[in-house]
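Under my numbering, the first residue of the sequence shown carries the number 2, and numbering increases by one thereafter. C-beta atoms are modelled at their ideal positions from N, C-alpha and C, and glycine is treated no differently. Please read these numbers as outputs of a predicted model, since none were measured by experiment. Remarks on the structure that follows.
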Amino acid sequence: MPEGPTHSTVPTPGTAVPGRVVAGSEPWQPGAAAPEIASSAGGYVFFKPAEAAFVEAAVARLIPADELGGGAIEADVPLFIDRQLNGDFGNATRWYMQGPWGEPTKTQGYQTRLTPAQFYRAAIQAIDAVSTRMHGQAFAALNGDRQDDFLRVLESGAIALDGVDGQAFFGLLLQNTIEGFFCDPVHGGNKDMIGWKLIGFPGARYEQRFFLKAFNQPFPLPPVGIAGRREWSR
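Given below as structure tokens:
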């Protein structure tokens, strides 16, 4: 006997197909295939203590907390970057990382032989070495004004780092900081939707027809992430 469907078992158009009924429970668990990332659960998995100290200090200067709301630290941006560097992004899993290695232009994007994880590790070590030579302290130990000055010079490309492009690293750090501040919380950043609340972004709401003509007015409802809201599943 054939194991697959036969002519007599394949339903024809208009034929009712009996459904499967599971008594007492749903036959599937919502979100089981892509569970929400708990960004604040546990500590760092990629960063070493000195690296974590640098990232925390740097992102706090890039997006500081103020009277309008929390900043990068409150949004768990360091943990977001840590998790990203420990995964496919950090390992450049889906990137072409072979030669030839010519001199790139600034419009070509990421053009280093290092993976993002390697780039972060090498750049932070080089930055702390320069900071210690200039100020007698690692970057994280500097006061806020000196940190700001250091980041400005790093952004300008005026600081020569050992083995890495400091200006390119600043660009990557800034990009990742913005991503962690405004991403959907399922990706590990934007804790409590701090970034979305700051700019009034409604998130992944499925129904917004009633507000499409409300120009120049704050959105009156709280933002919703991809995972939905907890009270919806109670």
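- If you draw a 10 Å sphere on the C-beta of L86, you find 16 or more other C-beta atoms in it, and that means buried.
- For I74, there is no enclosing alpha helix (DSSP H), since its DSSP letter is neither H nor E.
- Bounds of the alpha helix (DSSP H) holding N177 are 167-183.
- Ranking P221, F47, H188 by CA distance to the CA of I200 puts P221 first.
- In this structure, G91 keeps its C-beta atom at 8 angstroms or more from the C-beta atom of P50.
- Shown here for Q168: same chain residues with a beta carbon closer than 6 angstroms to its own, the five before and five after excluded, namely G158 in chain order.
- The three-state secondary structure of V225, taken from DSSP, is strand.
- Here the alpha carbons of G145 and M194 stand approximately 26 angstroms from one another.
- When DSSP states are grouped into helix, strand and coil, G158 belongs to the coil group.
- The residue among Q119, G204, A141, G72 with its C-alpha nearest the C-alpha of T94 is Q119.
- Around the C-beta of W102, fewer than 16 other C-beta atoms lie within 10 Å, and the residue is accordingly described as exposed.
- Looking at I74, I160, G172, Y45, the one whose alpha-carbon comes closest to that of A61 is I74.
- Residue burial is scored here from C-beta neighbours: G100 has fewer than 16 other C-beta atoms within 10 angstroms and is therefore classed as exposed.
- Per DSSP, the beta-bridge partners of G70 are D67.
- 8 angstroms or more divides the Cβ of A76 from the Cβ of G204.
- Cβ-Cβ separation between D149 and F140: approximately 11 angstroms, too far for a contact (criterion under 8 angstroms).
- Under the criterion of beta carbons closer than 8 angstroms, R122 and G189 do not qualify as touching, at roughly 20 angstroms.
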